[in-house]
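What follows is a set of notes on a single structure, which appears directly below.
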Amino acid sequence: MLSQPGDAEVYEAVAWADVVAVPVLTQNTGAQRAVIALKAKYAGARKALAEPAARAGIELLPLDDFYPAGDEHVIVQQVTGRIVPAGGIPLDVGVVVSNVGTLINVARPSTAGNRSPPST
């Protein structure tokens, strides 16, 4: 289960949503590994995610700044070494990729209105 790069400010503001949502999606998809991939230049977002992600067993992967918007294939190859076939989608090679907006929507029911990370 991979989370793709998104708006850095969104990551900083709702880092807890990734940490809540990624384990939910990992469990529901049967994923063996959870990775949040974001551009290396988003230091604030990485800092916001580092501790809660580590506690949740989620890997953080800084990507180079050349990441083309919408191209999930690059993330899949960099994280897993798998190549998505032409015209295919990440699921074709056993990978689920979600963006930060999707993760926020997954986290909302799990946090019942909390705007901050649940305590662990």
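So that you can map any letter, position 101 of the sequence shown is 361 in the numbering used here, and since no number is skipped, the others follow by simple counting.
From the three backbone atoms N, C-alpha and C, an ideal C-beta is built for every residue, glycine too.
DSSP lists no bridge partner for Val279. Membership of Lys307 in the alpha helix (DSSP H) is indicated by the continuous run Ala303 to Ala316. Ala300 is positioned such that its CB atom lies no closer than 8 Å to that of Pro283. When DSSP reads this structure, Leu351 sits in no beta bridge, so it has no partner. According to DSSP, residue pairing for Glu319 in a beta bridge involves Val295. Between the segment 286-300 and the segment 309-319, the count of C-beta pairs closer than 8 Å reaches three or more; the two stretches touch. Listed in chain order, the non-local C-beta contacts of Gln337 below 8 Å within the same chain comprise Ile343 and Val344, local neighbours out to five positions each way being set aside. Going by DSSP, Ile335 is part of the alpha helix (DSSP H) stretching over Glu332 to Thr340. When rounded, the separation of the alpha-carbon atoms in Ile364 and Val355 is 19 Å.
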